[in-house]
Amino acid sequence: MIEVELGASWGMKLEEELNKSYFKQLCEKISLEYLNKRVYPAASDIFRSFHLTPFEEVRVVIVGQDPYHGEGEANGLAFSVSEGVKVPPSLRNIKKEIANEFGVELSNSGDLTHWAEQGVLLLNATLTVEADRAGSHQGLGWEEFTDAVIDIINRESSGVVFLLWGSYAQRKGRFIDREKHLVLSSAHPSPLAAYRGFFGNNHFSATNEYLRGANQREIDWTV
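In this text, residue positions in the sequence shown follow the numbering used here: the first is 13, and each later residue adds one.
Structural data, given as structure tokens:
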């Protein structure tokens, strides 16, 4: 059985969710997938985003769809790859937008751990995927779990910035209270959509402006 260890703060906030029958069934299904197939990320990284960004430190939420499905790519953080791994197209466009917004040159790294450690929850809607089969673990129950994560942040925090790129992420965030939080939406950074509104959205500088106005430290978006 996969080990569900979220850290103290998330474990307490999501205790009721973890005890629901759908979640227990989900864990059984995913455990069998890991036993019988190649599944990403590594089982030890499924809940990595929660460990790097405890509940009380969440200041920004970026919603992805599901993990990268190529060998060595997924590392438990939405849009991120580990050091030394080739930067995927969507992340390459994210880095390009950051470079344009702040007028900086960025490294060749695709590791977003630095963001997560500053309070950016990099949350995929689906936390696992079968190798080379995009979307293969959708509909197993992960979406209900990550809806609960977003709901907890929405209800029990305030002043969080939600970055919703593409229609899937926007549907995921449709119940967020816009009076309590800042919600920024645009096209997805994938090569198919980036030129239809992702480039030039200024989400990263807008996030920092909002945080600055709330007397919170800005995010260092450099990668």
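All C-beta atoms, glycine included, are put in the ideal place defined by N, C-alpha and C.
- Per DSSP, Val161 is one residue of the alpha helix (DSSP H) stretching across Trp154 to Glu168.
- In terms of Cβ geometry, Ile42 and Trp127 do not form a close pair [threshold 8 Å].
- With a cutoff of 8 Å on beta-carbon distance, Asp78 and Ala181 are scored as not near each other.
- Residue state for Leu194 is assigned as strand, using DSSP reduced to three classes.
- By the neighbour-count criterion, in which 16 or more other beta carbons inside 10 Å mark a residue as buried, Asn136 falls on the buried side.
- A residue is called buried when at least 16 other Cβ atoms come within 10 angstroms of its Cβ; Arg167 does not meet this threshold and is exposed.
- Phe91 is not a Cβ neighbour of Ser21, given a cutoff of 8 Å.
- Burial state of Lys49 is exposed, judged by a 10 Å Cβ sphere holding fewer than 16 other Cβ atoms.
- In the DSSP assignment, Phe174 forms a beta bridge with Val73 and Val195.
- Sorting Phe114, Val161 and Ala55 by C-alpha distance to the C-alpha of Leu134 places Val161 at the top.
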